[in-house]
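Undergrad: Before anything else, here's the structure in question.
2 protein chains.
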Amino acid sequence: MKRRQTRSTSFDVAALAGVSQSAVSRAFSVGSSIAEAKRQKILEAARKLNYVPNSIASSLTTKRSNIVAVVLGNLANPFYVSVLSTLVRRLQDGGWQVLTFTVDNGTEADEALMRVLRYQVDGVILTAAQLSTRMTSICHERGIPIVLFNRYIPGSDASGVRCDNVGGGRLVADAFLYAGAKRFALLLGDPRGTTSADRARGFSQRLAEAGIPTSEIYCIEGHSTYDGAYARVSQTYRRGELPDAIFAVNDIMAMATMDALRQRRSARIPDEVMVAGFDDIPEAKRWPYRLTTVRQPVDEMVAQTLEILHLDDPDLPIEPGIERVVPCRLIWRDTVREPKSEAPR
Amino acid sequence: MKRRQTRSTSFDVAALAGVSQSAVSRAFSVGSSIAEAKRQKILEAARKLNYVPNSIASSLTTKRSNIVAVVLGNLANPFYVSVLSTLVRRLQDGGWQVLTFTVDNGTEADEALMRVLRYQVDGVILTAAQLSTRMTSICHERGIPIVLFNRYIPGSDASGVRCDNVGGGRLVADAFLYAGAKRFALLLGDPRGTTSADRARGFSQRLAEAGIPTSEIYCIEGHSTYDGAYARVSQTYRRGELPDAIFAVNDIMAMATMDALRQRRSARIPDEVMVAGFDDIPEAKRWPYRLTTVRQPVDEMVAQTLEILHLDDPDLPIEPGIERVVPCRLIWRDTVREPKSEAPR
DNA sequence: TGCTGCTATGCATACGTATGCATGTTCACG
DNA sequence: CGTGAACATGCATACGTATGCATAGCAGCA
Numbered sequence: 037m038k039r040r041q042t043r044s045t046s047f048d049v050a051a052l053a054g055v056s057q058s059a060v061s062r063a064f065s066v067g068s069s070i071a072e073a074k075r076q077k078i079l080e081a082a083r084k085l086n087y088v089p090n091s092i093a094s095s096l097t098t099k100r101s102n103i104v105a106v107v108l109g110n111l112a113n114p115f116y117v118s119v120l121s122t123l124v125r126r127l128q129d130g131g132w133q134v135l136t137f138t139v140d141n142g143t144e145a146d147e148a149l150m151r152v153l154r155y156q157v158d159g160v161i162l163t164a165a166q167l168s169t170r171m172t173s174i175c176h177e178r179g180i181p182i183v184l185f186n187r188y189i190p191g192s193d194a195s196g197v198r199c200d201n202v203g204g205g206r207l208v209a210d211a212f213l214y215a216g217a218k219r220f221a222l223l224l225g226d227p228r229g230t231t232s233a234d235r236a237r238g239f240s241q242r243l244a245e246a247g248i249p250t251s252e253i254y255c256i257e258g259h260s261t262y263d264g265a266y267a268r269v270s271q272t273y274r275r276g277e278l279p280d281a282i283f284a285v286n287d288i289m290a291m292a293t294m295d296a297l298r299q300r301r302s303a304r305i306p307d308e309v310m311v312a313g314f315d316d317i318p319e320a321k322r323w324p325y326r327l328t329t330v331r332q333p334v335d336e337m338v339a340q341t342l343e344i345l346h347l348d349d350p351d352l353p354i355e356p357g358i359e360r361v362v363p364c365r366l367i368w369r370d371t372v373r374e375p376k377s378e379a380p381r
Numbered sequence: 037m038k039r040r041q042t043r044s045t046s047f048d049v050a051a052l053a054g055v056s057q058s059a060v061s062r063a064f065s066v067g068s069s070i071a072e073a074k075r076q077k078i079l080e081a082a083r084k085l086n087y088v089p090n091s092i093a094s095s096l097t098t099k100r101s102n103i104v105a106v107v108l109g110n111l112a113n114p115f116y117v118s119v120l121s122t123l124v125r126r127l128q129d130g131g132w133q134v135l136t137f138t139v140d141n142g143t144e145a146d147e148a149l150m151r152v153l154r155y156q157v158d159g160v161i162l163t164a165a166q167l168s169t170r171m172t173s174i175c176h177e178r179g180i181p182i183v184l185f186n187r188y189i190p191g192s193d194a195s196g197v198r199c200d201n202v203g204g205g206r207l208v209a210d211a212f213l214y215a216g217a218k219r220f221a222l223l224l225g226d227p228r229g230t231t232s233a234d235r236a237r238g239f240s241q242r243l244a245e246a247g248i249p250t251s252e253i254y255c256i257e258g259h260s261t262y263d264g265a266y267a268r269v270s271q272t273y274r275r276g277e278l279p280d281a282i283f284a285v286n287d288i289m290a291m292a293t294m295d296a297l298r299q300r301r302s303a304r305i306p307d308e309v310m311v312a313g314f315d316d317i318p319e320a321k322r323w324p325y326r327l328t329t330v331r332q333p334v335d336e337m338v339a340q341t342l343e344i345l346h347l348d349d350p351d352l353p354i355e356p357g358i359e360r361v362v363p364c365r366l367i368w369r370d371t372v373r374e375p376k377s378e379a380p381r
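Top to bottom, those sequences are chains A and B.
For any residue, its number in the numbering used here is found by taking its place in the first sequence, counting from 1, and adding 36.
For any residue, its number in the numbering used here is found by taking its place in the second sequence, counting from 1, and adding 36.
Here it is, written out as structure tokens:
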């Protein structure tokens, strides 16, 4: 079988059904003016010929591709898997196609990036920190709406949706304080994004308010990955005193922290050292972890993202600088002590 | 800013550069006959106008969209996240775009499915069991090459790539036998796919060869999910005797098994009960698990998949029924006893 | 100089669908 | 029965790029 076999077109269907090509086009688009009987006849003919409308051709005239580009950093963090998953489902249900695009190192990304834009995508959702500024300006230039997911560019007028990372950081600090912690450690993530920094800032702020100067918080640089965090924590706490409480700015790093402390130090969590994360990925609630963390409302954030893109009415002007900050809440599980059960042993 | 702003076309560039539209087209396609000086002049003009070739329009004439559709089941299993990730990277590097498409329940999938085909995709990669037969016949009809990833349709002539699931199941049985296990349990996955069944078959076959009748293997139905497996295992081994060895047909189920046995029964693994999985997802090697499992060579499988699609030379005929079965190997970690340390207590 | 062969270039058209416009048809209402 | 209004239909064209074909330019060679 040759691949380049000729697929039937609206003209073929028109000929078979004895109508004009316009009629075929109208038969396949809802709400256009066509008699029901004729439409049925056309659909019948189309079925016989295995006809399927060619979206490429239709995009050419309508100037709408019905394609949305989703640019992802890496999928090693399950949180972004949930985000992708939710986005794809929602867009799919809305009748859009999703062009997925990942960018790891960001160097060869530029060329690939431009390739995506060639497809006249109706919108872009961006979760990769590396090329935010460049990407937003290009899209802006070309009139393509873009939304930054869980990141923002300080001082720019790019639209974005994020959860209240600063507030979430405060919640964690609150929980630790409530549980009676005195000595704190902070495991930071990717320094290129705003997310890690914001969470850390909220955490530090709240502690400062409670009289604990930021200089007393032990900071550990990380890479937002399990392996990176595991290595750092293992190395840092190879020996010596453990802090009372460690805030890892995301769940996979928190899980790595727990694994490292348990393996290397046989640490009892939360009795000996408390741990908290951020995101509430599915793994966080599983038995070995039962991690106290801050839940990001993915569904809500995705909904807001799509609202900002307003793919439905493309003639609306693109308002720049829409920022939606959705609240997040603490999920109290077993890695932070209840203050009443003050250190049971 | 209005969204429907007019983007510049090859005619605009041609006018500015003082050449014909054809020249612009040729300037942007490698290997076409154009003087280098003129090409530079055109690229210069294009840069001034922010011109980017419109792939939609170009697809219309070339009948090649450079888009590949990837149909996924669910992303709750990290193995398929790796697959997606690898696929996207490879396709991206090759100059293709990836249209991602997920299908959970499979009922409303049909309509969405046809929408994908409207985009004249150059190929389809399918990892969702639910709609294999239907999807393959439709693609075949339309001359679109399709490859089933890690699944196949018995008796059909659809092409596919998979790892040697039967062989992998045998490897697990081998390991258990070698470690001295006598009583076996088998945790099955999604019955709709061939994957779970094949792995189970290999396992049972090998045990049968060792004199252990299949009827003596305790089978537990599962759902290929962590939560499903956790619930089943918890319920099954709420009380009573544990088997010597449990083979879960994928890693997330194996992890769930370990978590459940440890929490509900405080079971010591592997001393009291051994566990093995399949896939070798990144989580499998982490400290709480250190899971003995069968590694699927994702890179290799993806490479084979792309080879079968032969996107590069689309004029090659689509050969039906190409099946690539790549070998897999056992990764021996800590959830299966070394036979020498024969049950240290 | 005249001829051949090759490359560079432009013209014109095709790709498959959507849609503005004009016309034809139907039907309700007075 | 006449008059519109509302709807149904077809014609023709536009969307932006690729490419076959014809031609112009040029170099090489006898």
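Note that the Cβ used here is the ideal one computed from N, Cα and C, for glycine as well.
Nothing here was measured: the structure is a model prediction, and the numbers come from that model.
For Thr329 (chain B), which beta-bridge partners are listed by DSSP?
TA: Taking the first residue of the second sequence as position 1, residue 329 (chain B) is located at position 293. For Thr329 (chain B), which the question treats as bridged, DSSP gives the partners B:Ile367.
Undergrad: Could I get the ranges of all uninterrupted beta strand (DSSP E) runs contained in the region 73-142 of chain A, with 3 residues as the minimum, in chain order?
TA: For the region 73-142 of chain A, the full-length beta strand (DSSP E) segments reaching 3 residues or more read 103-108 and 133-138 along the chain.
Undergrad: As a quick exercise: from B:Gln156, B:Ile189, B:Val269 and B:Leu342, pick the residue whose alpha carbon is nearest that of Ile103 (chain B).
TA: As a position in the second sequence, residue 103 (chain B) is number 67, starting the count at 1. Taking only the C-alpha atoms, the option nearest Ile103 (chain B) is B:Gln156.
Undergrad: What number of angstroms, rounded off, separates the C-alpha of Pro181 (chain B) from the C-alpha of Val107 (chain B)?
TA: Start at 1 with the first residue of the second sequence, and residue 181 (chain B) comes out as number 145. Start at 1 with the first residue of the second sequence, and residue 107 (chain B) comes out as number 71. Going from the Cα of Pro181 (chain B) to the Cα of Val107 (chain B) covers about 14 Å.
Undergrad: What residues in its chain sit with their C-beta under 6 Å from that of Asp370 (chain B), if we drop five residues either side in the sequence?
TA: Within the second sequence, numbered from 1, the residue matching residue 370 (chain B) stands at position 334. Non-local C-beta neighbours of Asp370 (chain B) in its own chain, meaning closer than 6 Å and more than five positions away in sequence, comprise Arg326, ordered along the chain.
Undergrad: Give the straight-line distance between the Cα atoms of Gly264 (chain A) and Arg304 (chain A), rounded to the nearest whole angstrom.
TA: By 1-based counting over the first sequence, the position of residue 264 (chain A) is 228. By 1-based counting over the first sequence, the position of residue 304 (chain A) is 268. Distance between the alpha carbons of Gly264 (chain A) and Arg304 (chain A): 22 Å.
Undergrad: Three or more C-beta pairs closer than 8 Å, one from the region 279-294 of chain B and one from the region 210-221 of chain B: is that the case here?
TA: yes
Undergrad: For the region 271-284 of chain B, enumerate the residues whose C-beta is nearer than 7 Å to any C-beta of chain A, in chain order.
TA: none
Undergrad: So which of B:Thr272, B:Asp287 and B:Thr122 has the shortest CA-CA distance to Ser260 (chain B)?
TA: Position 224 of the second sequence, counted from the first residue, corresponds to residue 260 (chain B). The residue with the shortest Cα to Cα distance from Ser260 (chain B) is B:Asp287.
Undergrad: Let's test the definition: count the other Cβ atoms within 10 Å of the Cβ of Tyr254 (chain A) and tell me whether it reaches 16, buried, or not, exposed.
TA: The count along the first sequence starts at 1 and reaches residue 254 (chain A) at position 218. By the neighbour-count rule (16 or more Cβ atoms within 10 Å), Tyr254 (chain A) is not buried but exposed.
Undergrad: Three-state secondary structure (DSSP) at Ala281 (chain A)?
TA: For the purposes of this step, residue 281 (chain A) is identified with residue 245 of the first sequence, where counting begins at 1. Residue state, collapsed to three classes: strand.
Undergrad: Within 9 Å of any Cβ in chain A, is that where the Cβ of Ser101 (chain B) sits?
TA: By 1-based counting over the second sequence, the position of residue 101 (chain B) is 65. Using a CB distance cut-off of 9 Å, Ser101 (chain B) counts as an interface residue toward chain A.
Undergrad: Listed in chain order, which residues of the region 80-95 of chain B have Cβ atoms closer than 9 Å to some Cβ of chain A?
TA: Asn86, Val88, Pro89, Asn90, Ser91, Ile92, Ala93, Ser94 and Ser95
Undergrad: Would you kindly work out how many angstroms separate the C-alpha atoms of Tyr266 (chain A) and Thr293 (chain A), rounded to a whole number?
TA: Reading the first sequence from its first residue, position 230 is the one you call residue 266 (chain A). Reading the first sequence from its first residue, position 257 is the one you call residue 293 (chain A). One C-alpha to the other measures close to 6 Å.
Undergrad: Is it true that the region 241-252 of chain A meets the region 192-199 of chain A, where meeting means three or more beta-carbon pairs spaced less than 8 Å apart?
TA: no
Undergrad: As a quick exercise: from A:Asp146, A:Ile92 and A:Leu135, pick the residue whose alpha carbon is nearest that of Ile174 (chain A).
TA: Working through the first sequence from its first residue, we reach residue 174 (chain A) at position 138. Closest by alpha carbon: A:Asp146.
Undergrad: Starting from the beta carbon of Ala148 (chain A), find every residue of chain B whose beta carbon is closer than 7 Å, and list them in chain order.
TA: Here residue 148 (chain A) corresponds to residue number 112 of the first sequence, with the count starting at 1. Gln128, listed in chain order.
Undergrad: Once DSSP output is grouped into helix, strand and coil, what is the label at Tyr214 (chain B)?
TA: In the second sequence, residue 214 (chain B) corresponds to position 178, counting from 1. Tyr214 (chain B) falls in the helix class under three-state DSSP.
Undergrad: DSSP has Val183 (chain B) in a bridge; who is on the other side?
TA: Mapped onto the second sequence, residue 183 (chain B) falls at position 147. B:Ile161 and B:Ser195, per the DSSP bridge assignment.
Undergrad: To the nearest angstrom, report how far apart Glu378 (chain B) and Ala164 (chain A) are at their CA atoms.
TA: Residue numbering aside, residue 378 (chain B) sits at position 342 when the second sequence is read from its first letter. Residue numbering aside, residue 164 (chain A) sits at position 128 when the first sequence is read from its first letter. Because Glu378 (chain B) sits at a pLDDT of 46, beneath the cut-off of 50, its placement in the model cannot be relied upon, and the point is left open.
Undergrad: In this structure, how does DSSP classify Glu257 (chain B) when only helix, strand and coil are distinguished?
TA: Taking the first residue of the second sequence as 1, we reach residue 257 (chain B) at position 221. Looking at Glu257 (chain B) - three-state DSSP - the assignment turns out to be coil, as it is neither helix nor strand.
Undergrad: How big is the Cα-Cα spacing for Pro380 (chain A) and Ala112 (chain A)?
TA: Taking the first sequence and counting its residues from 1, one reaches residue 380 (chain A) at position 344. Taking the first sequence and counting its residues from 1, one reaches residue 112 (chain A) at position 76. Any reading at Pro380 (chain A) must be qualified, since the residue scores a pLDDT of 43, below 50, and its modelled position is unreliable; the value itself is stated next. In a straight line, the C-alpha of Pro380 (chain A) is about 37 Å away from that of Ala112 (chain A).
Undergrad: Roughly how many angstroms lie between the CA atoms of Ile70 (chain B) and Lys99 (chain B), to the nearest whole one?
TA: What you label residue 70 (chain B) is simply residue 34 of the second sequence in a count that begins at 1. What you label residue 99 (chain B) is simply residue 63 of the second sequence in a count that begins at 1. So the alpha carbons of these two residues sit roughly 23 Å apart.
Undergrad: Buried or exposed for Val55 (chain B), going by 16 or more other Cβ atoms inside 10 Å?
TA: Here the question's residue 55 (chain B) lines up with position 19 in the second sequence. That one is buried.
Undergrad: Using a beta-carbon distance cut-off of less than 9 Å, what residues from the region 108-119 of chain B approach chain A?
TA: Leu108, Asn110, Leu111, Ala112, Pro114, Val117 and Ser118
Undergrad: Quick one, are the C-beta atoms of Thr328 (chain B) and Val372 (chain B) less than 9 Å apart?
TA: To locate residue 328 (chain B), count along the second sequence from 1; it is residue 292. To locate residue 372 (chain B), count along the second sequence from 1; it is residue 336. Yes, the Cβ-Cβ distance between Thr328 (chain B) and Val372 (chain B) is below 9 Å.
Undergrad: Would a C-beta distance cut-off of 9 Å place Thr138 (chain A) and Gly179 (chain A) closer than the cut-off?
TA: Along the first sequence, one-based indexing puts residue 138 (chain A) at 102. Along the first sequence, one-based indexing puts residue 179 (chain A) at 143. At least 9 Å separates the beta-carbon of Thr138 (chain A) from that of Gly179 (chain A).
Undergrad: Can you list the residues of chain A that Ser260 (chain B) reaches, using a CB-CB cut of under 7 Å?
TA: Indexing the second sequence from 1 puts residue 260 (chain B) at position 224. The premise fails here: Ser260 (chain B) is roughly 15 Å from chain A at the closest Cβ pair, so nothing lies under 7 Å.
Undergrad: Nearest CA to the CA of Val183 (chain A): which residue from A:Thr341, A:Leu352 and A:Asp351?
TA: Working through the first sequence from its first residue, we reach residue 183 (chain A) at position 147. Answer by Cα proximity: A:Thr341.
Undergrad: Below 8 Å on C-beta distance, what does Thr138 (chain B) contact in chain A?
TA: On the second sequence, position 102 is the one that residue 138 (chain B) refers to. Per Cβ cutoff of 8 Å: Ser121, Val124, Arg125 and Gln128.
Undergrad: Please go through the same chain and pick out, in chain order, the residues whose beta-carbon is closer than 6 Å to the beta-carbon of Asp291 (chain A), but skip the five residues on each side of it.
TA: Within the first sequence, the letter at position 255 stands for residue 291 (chain A). Looking at the sequence shown, residue 291 (chain A) is not Asp but Met. Once the five neighbours on either side are set aside, the close Cβ partners of Met291 (chain A) are Tyr325.
Undergrad: Using the beta-carbon of each residue, which ones in chain A are nearer than 8 Å to Glu177 (chain B)?
TA: On the second sequence, residue 177 (chain B) is found 141 positions in, with the first residue counted as 1. Within chain A, the residues near Glu177 (chain B) are Asn86.
Undergrad: Say whether chain A places a C-beta atom closer than 9 Å to the C-beta of Val106 (chain B).
TA: On the second sequence, residue 106 (chain B) is found 70 positions in, with the first residue counted as 1. Yes - at least one Cβ of chain A is within 9 Å of the one on Val106 (chain B).
Undergrad: Output needed for Glu80 (chain B): all residues of its chain with C-beta closer than 8 Å, excluding positions within five of it in sequence on either side, in chain order.
TA: By one-based count along the second sequence, residue 80 (chain B) stands at place 44. Closer than 8 Å at the Cβ level, and outside the excluded window around Glu80 (chain B), lie Ala53.
Undergrad: Asp315 (chain A) by DSSP, collapsed to three states: which one?
TA: Within the first sequence, numbered from 1, the residue matching residue 315 (chain A) stands at position 279. Here Asp315 (chain A) sits in strand by DSSP.
Undergrad: What residues in its chain sit with their C-beta under 6 Å from that of Val60 (chain A), if we drop five residues either side in the sequence?
TA: For the purposes of this step, residue 60 (chain A) is taken as the residue at position 24 of the first sequence. The answer, listed in chain order, is Ser46, Val49, Ala50 and Ile78.
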